[in-house]
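Numbering (the numbering used here), first residue to last: 530 to 1019.
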């Protein structure tokens, strides 16, 4: 496995792009701005899906599926929503092709749709039109539905996983009888995302609220989790939106209360996407390739035999298969790579590059002495273990790797978080240090946009349970009651 790719310190963006491609996660497709997720990359996404889907169902949600196409008129019903997505919408105008006089395939101009269809950038409108038929009384509430789907947002500047014209995601859409219930749901799903990021991805996140300027189009409040990548840039890893009654009013979704009154329904929506794949790569990987947390690694353990002839291989294979079976009994995924077309050194490099958390090597001497070599991907450490009880040792090591990756990322975030109290300090931190910058802000969109214009830094979040402290806005000098989190972001 070739390692001749750009170093992080030389060009972080190029390092990322090359790593995603060379590690067989994804590649660019023939369609501008779209990607092909390759089997190894999709296997990681499937593990993410499985973990999240289980968490959604444990919190009472069910999966459903709604149409890819949305009538254009639906978008005109919620003004701020259409304004927020108008520039990113792909539109279907015709429904048939034909062959012209030159034998070329062209659009049949007579097959124009009566109403154009929008390829979904998000599904609030089509879902709330559907919910109108599902909801009549308080007995029909709450509706707790999630959808696994693809969406299209016509991005001009794209990057594999982080920003593509089409991407995969899940979007939850819930309906409630009261504002309080909807707010509890919004916070609950934010907590689910934070738990997933920290316990499965091994990525520490900040939970908070978006400013009005950064809020989801059509939402009253947007809650988010923000992660810090190794280059000091922030990445929005998940959002949960309190929609109030905006969509219920736009689509006339009412219910009969216990008191026999007609009320509008309260709504939430929440989602994470394949952008998490980009976060996973950028948060942990190094100049030797991918580094994957065990809980999301498609192959958690690989066993490589070292042998000189077929007789040795046959003997080693009996032992290796027994070890594989014992480890698999722990619910751990194991690959035994006995291919004779590649040498052990090549295999070592391949699995190191692809981020397999643990590599076991067993050769003739190990067979004699009852030992096995174990190599950790996170620390690159090697050690010799006794084969006896190896399954429990492997289980313990995988837990250790998972914890170590989280702690390493947390330490990096802590060392890359700065408090500043002046404009000069702020600019220095943003331009020369990166990371999260905690600073006072006067609460106005005008100041927020001016700071962004001058430094490219945005307010990533107003942290939940943010401590109150009197201060002055680093840009305007006006009074402020709390610090917010600034950073350059993806």
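Beta carbons are placed, not taken as given, at the ideal position from N, Cα and C, and that holds for glycine.
Subject >> Same chain, Cβ closer than 6 Å to residue 876, five either side skipped, listed in chain order >> reply: In chain order, 833 and 866 place their CB closer than 6 Å to the CB of residue 876, counting only its own chain and leaving out the 5 sequence neighbours on each side.
Original post:
In three-state terms, what does DSSP make of residue 770?
Top reply: Residue 770 falls in the strand class under three-state DSSP.
Subject >> Residues near residue 718 in its chain [Cβ-Cβ closer than 8 Å; skip 5 each side] >> reply: 588, 701, 769, 797 and 799.
Subject >> Cα-Cα separation between residue 757 and residue 965, rounded to whole angstroms >> reply: Taking the straight line from one Cα to the other gives about 8 Å.
Original post:
What's the gap between the Cα of residue 562 and the Cα of residue 805?
Top reply: Going by the C-alpha atoms only, they are around 18 Å apart.
Original post:
Do residue 976 and residue 735 come within 7 Å of each other at the CB atom, strictly closer than that value?
Top reply: No, Cβ-Cβ distance for residue 735 and residue 976 is not below 7 Å.
Subject >> Range covered by the alpha helix (DSSP H) that runs through residue 887 >> reply: According to the DSSP assignment, residue 887 belongs to no alpha helix (DSSP H) but to the beta strand (DSSP E) extending over 887-891.
**OP:** Taking 8 Å as the threshold, find out whether the segment 660-680 comes into contact with the segment 604-616 through three or more Cβ pairs.
**Re:** Contact fails: fewer than three Cβ-Cβ distances are below 8 Å.
Original post:
Is it buried or exposed for residue 925, if we count other Cβ within 10 angstroms and need 16 for buried?
Top reply: Exposed: under 16 other Cβ atoms inside 10 Å.
Original post:
Would you call the segment 718-730 and the segment 808-824 in contact, with 3 or more CB pairs under 8 Å?
Top reply: These segments touch.
**OP:** Would you kindly work out how many angstroms separate the C-alpha atoms of residue 531 and residue 646, rounded to a whole number?
**Re:** Residue placement at residue 531 cannot be trusted, given a pLDDT of 49 that sits under 50; what the coordinates show is reported in the next sentence. Approximately 46 Å, taken between the alpha carbons.
Original post:
Is it buried or exposed for residue 623, if we count other Cβ within 10 angstroms and need 16 for buried?
Top reply: With fewer than 16 other CB atoms across the displayed protein chains lying within 10 angstroms of its CB, residue 623 is exposed.
Original post:
Residue range of the beta strand (DSSP E) that residue 534 falls in?
Top reply: Segment: none, residue 534 is in no beta strand (DSSP E) and carries neither H nor E.
Original post:
Just curious, the beta strand (DSSP E) that residue 913 is in, first and last residue?
Top reply: 911-915 is the span of the beta strand (DSSP E), which, as asked, contains residue 913.
Original post:
Is residue 475 buried or exposed, if buried means 16 or more other CB atoms sit within 10 Å of its CB?
Top reply: With the chain covering only 530 through 1019, there is no way to say anything about residue 475.
Original post:
So what's residue 674 in DSSP terms, helix, strand or just coil?
Top reply: Note: residue 674 maps to strand in three-state DSSP.
Original post:
Using 8 Å as the Cβ pair cut-off and three pairs as the minimum, do the segment 543-555 and the segment 630-642 touch?
Top reply: Short answer: they don't touch.
Original post:
What is the DSSP secondary structure of residue 681, counted as helix, strand or coil?
Top reply: Strand at residue 681.
Subject >> Residue environment, residue 549, which counts as buried when at least 16 other CB atoms sit within 10 Å >> reply: Counting Cβ neighbours within 10 Å, residue 549 comes out buried, since at least 16 surround it.
Original post:
Roughly how many angstroms separate the alpha carbons of residue 956 and residue 890, rounded to a whole number?
Top reply: For the pair residue 956 and residue 890, the Cα-to-Cα distance works out to about 50 Å.
Original post:
Do you know how far the Cα of residue 913 is from the Cα of residue 1010?
Top reply: Whole-angstrom Cα-Cα distance: 56 Å.
Original post:
Residues bridged to residue 865 by DSSP?
Top reply: Answer is 832, bridged to residue 865.
Original post:
In its own chain, which residues sit with a C-beta less than 7 Å from the C-beta of residue 545, not counting the 5 before and 5 after it?
Top reply: Once the five neighbours on either side are set aside, the close Cβ partners of residue 545 are 810 and 811.
Original post:
Considering only the beta carbon of each residue, do residue 1021 and residue 648 sit closer than 7 Å?
Top reply: Residue 1021 lies beyond the stretch modelled for the chain, which goes from 530 to 1019, so this question has no answer here.
Subject >> CB of residue 785 within 7 Å of CB of residue 883, strictly >> reply: Annotated as distal: residue 785 and residue 883, with beta-carbon spacing of 7 Å or more.
Original post:
Can you find at least 3 beta carbon pairs, one from the segment 777-784 and one from the segment 650-670, that sit closer than 8 Å?
Top reply: With a cut-off of 8 Å, the segment 650-670 and the segment 777-784 count as touching, because enough Cβ pairs lie within range.
Original post:
In chain order, what residues of the same chain have a beta carbon less than 7 Å from the beta carbon of residue 663, not counting five sequence neighbours either side?
Top reply: Non-local beta-carbon contacts of residue 663 in its own chain, meaning distances under 7 Å to residues more than five positions away in sequence, involve 669 and 672 in chain order.
Subject >> Straight-line Cα distance separating residue 880 from residue 886 >> reply: Answer to the nearest angstrom: the Cα atoms are 9 Å apart.
Subject >> CA nearest to the CA of residue 720, picked from 705, 787, 754 and 557 >> reply: Measuring from the Cα of residue 720, the nearest candidate turns out to be 754.
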